[in-house]
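So that you can map any letter, position 155 of the sequence shown is 155 in full-length UniProt numbering, and since no number is skipped, the others follow by simple counting. As structure tokens, the structure follows; a few thoughts come after it.
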Amino acid sequence: MASATAVQDVKALQEERTQLFKDVFDGKIPKRVPVSPSLTIEFAIQYAGKDLAEVQWDYQLLEEVYEKVCQDFVSDTNPAAMNLRNPIFYKLLGARNFVMSSGGFMQHPEIHGLEAEEYDDFIASPYDCIMEKILPRIYTELNESPGKRSIAFGKAFKAYYDELFAALGVIGKLTDKYGYSPLGGIELLTEAPFDFVADQLRGFKGITGDLRRCPDKVEAACEAALPLMLKQGTPNHPPSKYGAAFIPLHMAPYIRPKDFEKFYWPTFKKLVDGLADKGQPSMLFVEHDWMRYIDYLYELPENTRMWFEYGDPKLVKEKLGKKHIITGFYPIGLLKTGTKQQCIDKAKELIDILAPGGKYYFGFDKGVITADSVNVDNLKAVLEYVAENANY
């Protein structure tokens with residue numbers, strides 16, 4: 001059993017780490033740069049030497065996996081990431097949109113649930129269209145008689161929350177055991193309306209053709225999806241400025257600037273503004289390269305969190321760093337190919353650019369998904385360096 005002194009030390013460490021993120025989110029300069037790496041559940045399972053598919057199907061094995069990651073990697077937030085794509089839930093629904101590969105990774109095939117000629121149905125009543133047309137096409141177990149459909153839905157709903165609460169229990173236990181900040185992560189996930197229409201309704205191929213064939217329908221569909229995305233990004237408890245709705249931004253870099261301006265930006269901004277009006281900050285995963293849209297990002301509500309994958313960190317700091325909170329940019333590919341000193345030097349470079357004035361916490365350009373995609377010793381060295389040397 002841990003001594004009272006040890007417990008007090010962990011509690012003090014947790015309070016110190018929590019204060020780092022409070023200061024960042026409050027617009028104050030923290031004691032040092034907080035560290036929040038994106039180590040995915042897939043990475044954690046492989047790093048612990050476990051079978052990827054087996055652990056995702058048996059959450060009783062999860063604590064051992066997460067414990068190993070918590071012991072070995074320096075972080076101010078719990079590095080034990082939630083599994084956003086639970087295979088049990090998808091299997092029970094007969095999912096076509098998320099399928100586990102033979103290697104244990106959840107993959108997103110190119111499918112669509114809405115036909116082009118059905119846009120009017122979605123625009124007229126998005127929720128009814130999703131329930132009656134789209135879900136039965138995406139989930140084969142919902143394309144059954146009402147009785148069978150209800151049973152399948154009930155099983156999947158229970159499985160989803162059983163696994164969710166099991167994982168949250170483990171993560172909460174380890175957060176307190178290792179003194180991690182409960183702030184700095186995400187609470188729930190929503191999508192930019194255009195991304196929702198593209199990802200879940202029409203598919204990449206479909207939406208890019210629709211922009212030419214029926215632009216008015218696409219624009220109206222994004223407006224129709226907006227209330228659903230607002231609801232999805234709103235917690236069922238009073239929002240806090242220290243919480244966050246995670247919004248991964250998918251399609252913007254793949255469409256023309258004039259299409260971005262007309263179809264993507266208006267409802268995306270309404271979404272982030274609407275969440276901010278409720279007191280719910282947004283954390284954007286700014287996927288791919290958004291440098292041509294950087295001036296748009298400035299217009300979002302103050303202290304919007306932006307996790308950048310690619311781009312020019314100097315330009316981002318100059319344009320956005322006084323208004324918004326920045327993370328990301330560190331290329332995980334370097335952790336695989338670089339020497340330890342090269343990896344540390346890159347961390348120094350980014351801290352020198354992004355840390356002045358605050359509104360920054362250290363993170364990688366994307367989630368670390370596989371154990372062999374990085375040199376683990378380099379990963380450890382970078383995290384330790386930042387935690388020990390990025391003081392203000």
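All C-beta atoms in this analysis are idealised placements derived from N, C-alpha and C, irrespective of residue type, glycine included. Here the structure is a predicted model, which is why all the values come from computation and not from measurement.
- Just the Cα atoms here: how many angstroms apart are Ala48 and Gly94? Looking up residue 48 in the sequence shown gives position 48. Looking up residue 94 in the sequence shown gives position 94. Answer to the nearest angstrom: the Cα atoms are 30 Å apart.
- Query: Exposed or buried, which one is Gly274 when buried takes at least 16 other CB atoms within 10 Å?
  - Reply: Residue mapping note: residue 274 aligns to position 274 of the sequence shown, counting from 1. Burial call: buried.
- Query: Rounded to a whole number of angstroms, what is the C-alpha to C-alpha distance between Ile123 and Arg85?
  - Reply: Against the sequence shown, residue 123 aligns to sequence position 123. Against the sequence shown, residue 85 aligns to sequence position 85. Cα to Cα, Ile123 sits roughly 28 Å from Arg85.
- Message: Going by DSSP in three states, Thr327 sits in which element: helix, strand or coil?
- Response: Taking the first residue of the sequence shown as 1, we reach residue 327 at position 327. Note: Thr327 maps to strand in three-state DSSP.
- Task: Give every residue of the same chain whose Cβ lies closer than 8 Å to the Cβ of Glu42, excluding the five residues on either side of it in the sequence, and list them in chain order.
- Result: Here the question's residue 42 lines up with position 42 in the sequence shown. The answer, listed in chain order, is Leu52, Gly104, Phe105, Ile369, Thr370.
- Query: Does DSSP put Ala245 in a helix, in a strand, or in coil?
  - Reply: As a first step, residue 245 must be located in the sequence shown, where it is residue number 245. Here Ala245 sits in strand by DSSP.
- Item | Among Phe165, Asn97, Glu163, Lys155, nearest to Ile138 - alpha-carbon criterion | The residue given as residue 138 occupies position 138 in the sequence shown. When only C-alpha atoms are compared, the closest one is Asn97.
- Step through the CB atoms of chain C and report whether any lies within less than 7 Å of the CB of Phe263. Annotation note: the requested chain C is absent from the structure, which comprises a single protein chain.
- Residue from Pro313, Gly321, Asn375 with nearest C-alpha to Lys348: On the sequence shown, residue 348 is found 348 positions in, with the first residue counted as 1. Here the closest residue by C-alpha is Pro313.
- Selected residue, minimal CA-CA separation from Lys155, among Ser38, Pro281, Glu141: Along the sequence shown, read from residue 1 onward, the residue named residue 155 stands at position 155. For Lys155, the nearest C-alpha among the options comes from Glu141.
- Start-to-end residues for the alpha helix (DSSP H) that takes in Val386: On the sequence shown, position 386 is the one that residue 386 refers to. Here the alpha helix (DSSP H) through Val386 covers 376-389.
- Taking 8 Å as the threshold, find out whether the region 231-241 comes into contact with the region 173-182 through three or more Cβ pairs. no
- Message: Short of 8 Å in beta carbon distance, which residues of its chain neighbour Val286, apart from the five on each side in sequence? Order them along the chain.
- Response: Looking up residue 286 in the sequence shown gives position 286. If we look at Val286 and ignore the five residues flanking it on each side, its Cβ neighbours are Leu249, Leu297, Met306, Trp307, Phe308, Glu309, Gly311, Gly328.
- Query: The alpha helix (DSSP H) with Arg137 in it runs from where to where?
  - Reply: Looking up residue 137 in the sequence shown gives position 137. Counting along the chain, the alpha helix (DSSP H) containing Arg137 begins and ends at 135-138.
- Message: Rounding to the nearest angstrom, what Cα-Cα distance links Phe194 and Gly209 in this structure?
- Response: Within the sequence shown, the letter at position 194 stands for residue 194. Within the sequence shown, the letter at position 209 stands for residue 209. One C-alpha to the other measures close to 14 Å.
- Task: Give the DSSP bridge partners of Arg202, in chain order.
- Result: As a first step, residue 202 is located in the sequence shown; it is residue number 202 there, counting from the start. For Arg202, which the question treats as bridged, DSSP gives no partner whatsoever.
- Query: Does the region 379-390 come close enough to the region 334-350 to have 3 or more Cβ pairs within less than 8 Å?
  - Reply: yes
- Task: Quick one: which unbroken beta strand (DSSP E) runs of 3-plus residues sit fully inside the region 279-323? Chain order, please.
- Result: 282-286, 305-308
- Message: Our contact map puts Leu61 next to Val69 with C-beta atoms below 8 Å; I'd like the distance itself, whole angstroms only.
- Response: Reading the sequence shown from its first residue, position 61 is the one you call residue 61. Reading the sequence shown from its first residue, position 69 is the one you call residue 69. Rounded, the Cβ-Cβ distance is 13 Å, inconsistent with contact.
- Message: Residues in the same chain with beta-carbon distance under 7 Å from Cys222, minus the five sequence neighbours each way, listed in chain order, please.
- Response: Taking the first residue of the sequence shown as 1, we reach residue 222 at position 222. Result list for Cys222: Pro193, Phe194, Val197, Phe263, Thr267, in chain order.
- Task: Identify whether Phe362 lies in helix, strand or coil by the three-state DSSP scheme.
- Result: Along the sequence shown, read from residue 1 onward, the residue named residue 362 stands at position 362. Reduced to three states, the DSSP call for Phe362 is strand.
- Task: Mind reading off the beta-carbon distance from Ser36 to Gly184? Whole number of angstroms is fine, and I expect it under 8 Å.
- Result: In the sequence shown, counting from the first residue as 1, residue 36 sits at position 36. In the sequence shown, counting from the first residue as 1, residue 184 sits at position 184. Yes, they are in contact, since the Cβ atoms of Ser36 and Gly184 sit about 5 Å apart, within 8 Å.
- Task: Have a look at the DSSP bridge pairing and note the partners of Thr234.
- Result: Here residue 234 refers to the residue found at position 234 of the sequence shown. Thr234 pairs with nothing; no bridge assigned.
- Query: With Glu67 and Leu174 assumed to form a contact (beta carbons below 8 Å), what rounded beta-carbon distance in angstroms separates them?
  - Reply: Start at 1 with the first residue of the sequence shown, and residue 67 comes out as number 67. Start at 1 with the first residue of the sequence shown, and residue 174 comes out as number 174. Sure, about 7 Å apart at Cβ, within 8 Å.
- Task: Output the distance between the C-alpha atoms of Cys129 and Gly203, rounded to the nearest integer angstrom.
- Result: Position 129 of the sequence shown, counted from the start, is the residue given in the question as residue 129. Position 203 of the sequence shown, counted from the start, is the residue given in the question as residue 203. Taking the straight line joining both Cα atoms gives about 16 Å.
- From this set, Asn143, Ala225, Ser102, which residue's C-alpha is nearest Tyr119's C-alpha? In the sequence shown, the residue the question calls residue 119 occupies position 119. The shortest Cα separation from Tyr119 among Asn143, Ala225, Ser102 belongs to Ala225.
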